[in-house]
Ligand code: C5P
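Numbering (my numbering), first residue to last: 56 to 461.
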């Protein structure tokens, strides 16, 4: 596992960078680069005027993501959802923030994508004001900043010096490295909660070969497990992700071990658990595997065919038997008698808590980006509303941090 010390400070964090129409927008290019170097994933939303100061091409190239300006793409009507942008972000950083945008934020005006995203963001919001000294000093601006600060918006104080107007004074946007340090500090509390913990996450579906061509598997996309691995890493944990085959990118700061079959996942997880502080068993592991794998493609014949299956080993139960005082979190995907089945697994596999999702709930389960789960431990159950998988992962990571804080 990578050591906690080598993880970049913003590893795995999602930073939404908002750029408004100020001459200081040229500094947003360096800011974006520094955020990326610090390990963050960056998406950029610009006001229409910001495009006059720095090109979307520059920002798209640096952030490695398309730039968002309009509510929808006029070419194809694709909708840029301010709600999902706000959900995606761990921090919404508006830098530079003009007097105009600050005023609109303070009043709740939502006449561009950057502003609607602010109104729907659930994450911490930081602004780096940039304007001429008289505009900055104006009572209207100062009052707007006070209003925003009272509502929890964090202000990255502008610096003093030569302004674009040629005047000397306060109003220069803070330097990009200072803004990155500010954002790191802002997310630090969360980040430190799992600092130094070594955790394993199993994710995705296993593949059990029948012959060189066919296999038995299931619908798991791995999204929930990958989101958990990302959230744990973002809170400072050293994460080893033991994963079945998926098309998902490896979350930042996470060490990935690819496996195919349940047997391979068993070996990798049991071995990794030796030096770990805990594990989250999110993988959809096959319970049965063909008794023997045909070396050649099985040819079809007229009659029916039967494949003898034998039980695979239960990885979670094995780790449960070895865990001692270490953490073990399990998942239960059920279609009926959900609660009773989950509680039975909690005990049988020696989980500290289990995450139950029911295929009967709309928005829960495979492939989608949302999930509806209930967290169950010996003390009781907490039913969460329908959330993005990332938010569910955040709630699970918070529980894990509490476990270690006890
Ligand atoms: O018994 P069931 O498969 O429903 O239990 C689900 C939980 O057990 C999940 O956390 C899953 O990752 C884990 N599991 C495992 N190895 C298996 C089967 C399930 O780790 N062979």
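Where a beta carbon is used, it is the ideal one built from N, C-alpha and C, also for glycine. As the structure is a prediction and not an experimental result, all values here were calculated from the model.
Between which two residues does the beta strand (DSSP E) carrying residue 88 extend?
Taken as a continuous stretch (DSSP letters only), residue 88 belongs to no beta strand (DSSP E), being part of the alpha helix (DSSP H) at 82 to 92.
If you follow the beta strand (DSSP E) that residue 457 is in, where does it begin and where does it stop?
From DSSP, residue 457 is part of no beta strand (DSSP E) but of the alpha helix (DSSP H) over 444 to 460.
So, is residue 448 buried or exposed, given that buried needs 16 or more other C-beta atoms within 10 angstroms?
buried
Any heavy atom of the ligand C5P closer than 6 angstroms to the CB of residue 336?
yes
Spell out a yes or no on whether the segment 219 to 227 and the segment 263 to 281 are touching, meaning 3 or more CB-CB pairs, one atom from each, closer than 8 angstroms.
no
For residue 295, which beta-bridge partners are listed by DSSP?
255 and 310
Excluding sequence positions up to five away, which residues of its chain have a Cβ less than 6 angstroms from the Cβ of residue 452?
286, 287 and 290
Under the DSSP definition of a beta bridge, which residues are partnered with residue 225?
215
Where residue 412 falls: helix, strand or coil (DSSP)
strand
Per DSSP, which residues does residue 438 bridge with? Please list them.
429
Which whole-angstrom value is the C-beta distance of residue 168 and residue 123, which I expect to be below 8 angstroms?
6 angstroms
How would you write the range of the alpha helix (DSSP H) that residue 111 sits in, first residue to last?
111 to 118
Sort 145, 227 and 193 by Cα distance to residue 243 and report the nearest one.
145
Is it true that the CB of residue 86 sits closer than 7 angstroms to the CB of residue 152?
no
Taking the alpha-carbon positions, what's the residue 409 to residue 353 distance?
40 angstroms
By Cβ distance, which residues of its chain are closer than 7 angstroms to residue 393, with the 5 residues on each side in sequence left out?
411 and 413
Just verifying my parser: in three-state terms, what is the DSSP assignment at residue 125?
coil
Residue from 404, 364, 363 and 366 whose Cα sits closest to the Cα of residue 377:
404
Considering residue 173, what are the terminal residues of the alpha helix (DSSP H) in which it resides?
168 to 175
Where residue 153 falls: helix, strand or coil (DSSP):
coil
Continuous beta strand (DSSP E) stretch holding residue 333: start and end:
333 to 336
Can you grab the Cα-Cα spacing for the pair residue 316 / residue 326, in whole Å?
16 angstroms
Return the residue from the list 88, 342, 125 and 119 that minimises the CA-CA distance to residue 106.
125
Can you tell me the Cα-Cα spacing of residue 366 and residue 247, whole angstroms?
41 angstroms
Is any non-hydrogen atom of the ligand C5P found closer than 6 angstroms to the C-beta of residue 340, if you look at the structure I gave you?
yes
If I measure Cβ to Cβ from residue 60 and keep anything under 7 angstroms in the same chain, skipping five residues before and after, which residues do I get?
Any reading at residue 60 needs caution, since the residue's pLDDT is 47, under 50, leaving its predicted position unreliable; the model's value is listed next. Excluding sequence neighbours, residue 60 sits near nothing in its chain.
Give me, in chain order, the residues of the same chain whose beta-carbon lies closer than 8 angstroms to that of residue 57; leave out the 5 immediate sequence neighbours on both sides.
Bear in mind that a pLDDT of 47 at residue 57, under 50, signals an unreliable position, so the model cannot answer this.
To the nearest angstrom, report how far apart residue 458 and residue 69 are at their CA atoms.
25 angstroms
Does at least one heavy atom of the ligand C5P sit under 6 angstroms from the Cβ of residue 369?
yes
Three-state secondary structure assigned by DSSP to residue 185:
coil
Answer yes or no: the CB of residue 462 versus the heavy atoms of the ligand C5P, is any distance below 6 angstroms?
Nothing can be reported for residue 462, as the shown portion of the chain is limited to 56 through 461.
Where the alpha helix (DSSP H) containing residue 231 begins and where it ends
231 to 241
Check whether the segment 347 to 364 and the segment 421 to 429 are in contact - that is, three or more C-beta pairs closer than 8 angstroms.
no
Rounded separation between residue 335 and residue 383 - CA only:
6 angstroms
Considering only the beta carbon of each residue, do residue 213 and residue 184 sit closer than 7 angstroms?
yes
Taking the alpha-carbon positions, what's the residue 77 to residue 135 distance?
23 angstroms
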